[in-house]
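To convert a position in the sequence shown, counted from 1, into the numbering used here, add 34. C-beta: ideal position from N, C-alpha, C; glycine also.
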Amino acid sequence: MKRTTIKGQKVGYIRVSSIEQNTESQKSLLGNVGMDKLFEEKLSGKNTDRPQLQAIGNKSLKELTTHGLTLFYKECSKKSNGRGGTLDPKTVKNIRAVVNRMLECACDIGILKENPNLRAKYPKCTKKETQILCPEDYDKLVKYCCEQGTQWDMLIVFFLCIGTRLGEALGLQWSKVNFEKREIRISQQLQAVPDNDKNAKYKYKKEIIDSTKTKTSNRTISMSEPVEKILRRVRSLQAENKLKLREKYHRDLDLVFARDDGYFICDTTFRAFVNKRLEEAGIAHHKIHSFRHSCATSLFEDKIDIKKVSAWLGHSCIGITLDTYTHVLPHHLEEVAQAQNKRFKRIFSSNEKEIPEEMLPQKDDWGA
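1) Under the three-state reduction of DSSP, which class applies to Asn-115: helix, strand or coil?
2) Counting only the same chain and skipping the five closest in sequence on each side, list residues whose C-beta sits under 8 Å from that of Asp-295.
3) Buried or exposed, going by whether 16 or more other CB atoms sit within 10 Å of the CB of Ala-203?
4) According to the neighbour-count rule (16 or more other Cβ atoms, all chains shown, within 10 Å of its Cβ), is Lys-177 buried or exposed?
5) Measuring straight from C-alpha to C-alpha, what distance separates Glu-262 and Glu-163?
6) Check Ile-90 in the structure and name its three-state DSSP category.
7) Assuming Leu-224 contacts Ile-242 (C-beta within less than 8 Å), just tell me the rounded distance between them.
8) When the distance is taken between beta carbons, is Thr-246 closer than 8 Å to Ile-264?
9) Looking at the unbroken alpha helix (DSSP H) that takes in Lys-108, where does it start and where does it end?
10) When we look at the beta-carbon of Gly-348 and count the other beta-carbons within 10 Å, is it buried (16 or more) or exposed?
11) Secondary structure at Ile-264, three-state DSSP: helix, strand or coil?
12) In the DSSP assignment, what residue or residues form a beta bridge with Tyr-238?
13) When you compare only the Cα positions, how much space is there between Lys-93 and Thr-355?
14) Is the distance from the Cβ of Ile-166 to the Cβ of Thr-358 below 8 Å?
15) If Thr-120 sits next to Lys-112, beta carbons under 8 Å apart, how far is it from one beta carbon to the other, in whole angstroms?
16) For the alpha helix (DSSP H) containing Ile-196, name the first residue and the last one.
17) In the structure shown, what three-state DSSP assignment does Thr-120 receive?
18) Quick check: the Cα distance between Asn-212 and Arg-266, rounded to an integer number of angstroms?
19) How should Leu-272 be labelled, buried or exposed, when 16 other C-beta atoms within 10 angstroms of its C-beta is the threshold for buried?
20) Where does Asn-212 fall in DSSP's three states?
21) Once you ignore the five residues that flank Ser-251 on each side, which residues in its own chain have a CB closer than 6 Å to its CB?
22) What does the Cβ neighbour count give for Ile-190, buried or exposed, with the cut at 16 atoms within 10 Å?
23) Which stretch, first to last residue, makes up the alpha helix (DSSP H) that contains Ser-221?
24) By DSSP's criteria, Ile-255 is part of a beta bridge. Which residues make up the other side?
25) Please classify Ile-338: does DSSP put it in a helix, a strand, or coil?
26) Helix, strand or coil for Gln-272, going by three-state DSSP, please let me know.
27) On the DSSP bridge list, what partners appear for Leu-289?
28) Spatial neighbours of Lys-341 within its chain, please: C-beta separation below 8 Å, excluding the five flanking residues on both sides.
29) What residue range does the alpha helix (DSSP H) around Ala-406 cover?
30) Among the residues of its own chain, which have a CB less than 7 Å from the CB of Ala-140, if the five just before and after it don't count?
31) Output the distance between the C-alpha atoms of Val-67 and Leu-289, rounded to the nearest integer angstrom.
32) Once you ignore the five residues that flank Val-33 on each side, which residues in its own chain have a CB closer than 6 Å to its CB?
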């Protein structure tokens, strides 16, 4: 979030990392100081490329053309993603969406007669295959981490059982865990926010934000027996660390998953730990987010209703669940065929278990 001034106007800049994320809290903060214009950008925080932020005030709206915007999106697709590759087409699509909203606003207030962005070309998105652990690797990783028994090993198993997002797990506090009701409340997340302290060592600091990725991500989930054992194991390990470190332990943070001193876990350090555990267990490299996908897939394999899985994961709508896990669902369509078989067996007499021959298509009907 940023505030600047352009020719006597107060202009606000808002950024979140995906289309589904909520910008209301940032809008509220900027609204309190009275903005003349607000620009939004939905881009990943993995790199520092901020086309919208850099472009504010650098070019007149009337100078923008369809051809110029097409070239702009083409150049965006060549930009580095900070990981040795280029920006994903989805990121470029998100950039285009931000530009389009600005130009539509310019048309509405009479600055432009028509939106040059409507006919601008941009890279098309191709759906990536969702990465998941196969059932054998899933079982192997759970067993190996339970054998190791450290707090961070328990966090890996927690991901596989609950399927939370990384920020949701790292921002979970004991006050959100109810052992009596066997419930876990997911309503906050750990985020890196700008540190306004000029003497601070780093530009960003870790903070627990009282909101999740989307409104529907705020959810209460039931605690299974294995998850309860995981959390009680973590609590006992933390009790030992509290006795050992005493006042040096960060009791005020009340974190469920933390460093040995009770402070926030660094996501980069945890990723390195996960890679190490995967290698030790003889499992191919997987991203932490693939544990969330693996959890969802295991629920589908156990024939849990898709609406319940969507609510469990905290998706903003069931369509996201359907779109993400399409590759899993066809296997369960066999149940539909089996149900139809049973229905037809009920329709016809007990002596006639199959559909009558006269109802089946003849050879000529197949076009033979």
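According to the structure data:
1) coil
2) Asn-275, Leu-279, Lys-282, Tyr-283, His-284
3) buried
4) exposed
5) 32 Å
6) For Ile-90, the predicted model reports a pLDDT of 44, less than 50, meaning its position is unreliable and no value from the coordinates is stated.
7) 6 Å
8) no
9) 100-110
10) buried
11) helix
12) Pro-228
13) 40 Å
14) no
15) 6 Å
16) 185-196
17) strand
18) 12 Å
19) At residue 272 the sequence reads Gln, which differs from the Leu that was named. Classification of Gln-272: buried, given that the 10 Å Cβ count is 16 or more.
20) strand
21) Gly-348
22) buried
23) That residue, Ser-221, is in no alpha helix (DSSP H); it is neither H nor E in DSSP.
24) Ile-218
25) coil
26) helix
27) Gln-207
28) Ile-352
29) It is not possible to answer for residue 406, since the shown part of the chain is limited to 35 through 402.
30) Leu-95, Leu-146
31) Because the pLDDT of Val-67 is 48, which lies under 50, any placement of that residue in the model is unreliable, and the question is left without a value.
32) Lying before the first or after the last residue shown, residue 33 is absent from the chain, which here runs from 35 to 402.
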